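So the structure is just underneath, and the comments pick up after that.
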Amino acid sequence: RAFIKEQVRYERGMVAHALASGMRVLVKEYLVLLAQLEHQHRLEQLSLQKLWFYIQPAMQTMLLLQDIARRVKGAAGGELLNRLQGAAELGGDEKSAEVTHFLLTRASAPYLDMLRQ
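Structure follows, in structure tokens:
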């Protein structure tokens, strides 16, 4: 969350804003999952096995976001996109590729708009 708050500052630029927006979407999905799991727990319908099953993909996504935040820290504009592309090229599994593609699409939109003008 601290990284997202930092990236939405005016000085960071539109590409960083767009990346932060994409990350915020993923963090909100994570928080919704946690709320759903908490609800299941309160109903006493959440076993440790179910918790582990549901939390695995979310943990992977949060670790990926942490890695991306480290990679792009201090970068802006095209350099931020290059670093994000570098993270995408490292591969990983299908879910990681999907997340990095989502973030790259979000972050590159303002850059591409500027190039079109």
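Numbers in the numbering used here are just positions in the sequence shown, counted from 1, shifted up by 229.
Every residue, glycine too, gets a C-beta built ideally from N, C-alpha and C.
A quick note: this is a predicted structure, and the numbers were derived from the prediction, not measured.
**Request:** Please state whether DSSP places ALA287 in a helix, a strand or coil.
**Result:** Here residue 287 refers to the residue found at position 58 when the sequence shown is read from its first residue. Helix at ALA287.
**Request:** With distances taken Cα to Cα, identify the nearest neighbour of ARG266 among ALA247, ARG241, ALA287.
**Result:** Taking the sequence shown and counting its residues from 1, one reaches residue 266 at position 37. In the sequence under discussion, the amino acid at residue 266 is Leu, which differs from the Arg named in the question. Considering only alpha carbons, the answer is ALA287.
**Prompt:** Apart from the five residues just before and just after ARG335, which ones in its own chain have a Cβ nearer than 7 Å to its Cβ?
**Reply:** In the sequence shown, residue 335 corresponds to position 106, counting from 1. When the five nearest sequence neighbours on each side are left out, the beta carbons in the same chain lying within less than 7 Å of the beta carbon of ARG335 are those of ALA247, LEU248, SER250, GLY251, in order along the chain.
**Message:** If you measure between the beta carbons of GLY358 and VAL244, is that distance less than 7 Å?
**Reply:** Since the first and last residues shown for the chain are 230 and 346, residue 358 lies out of range.
**Request:** Within its chain, find whatever has a CB closer than 8 Å to the CB of ARG312; leave out the 5 residues flanking it on each side and keep chain order.
**Result:** Within the sequence shown, the letter at position 83 stands for residue 312. Non-local beta-carbon contacts of ARG312 in its own chain, meaning distances under 8 Å to residues more than five positions away in sequence, involve ARG300, VAL301, ALA304 in chain order.
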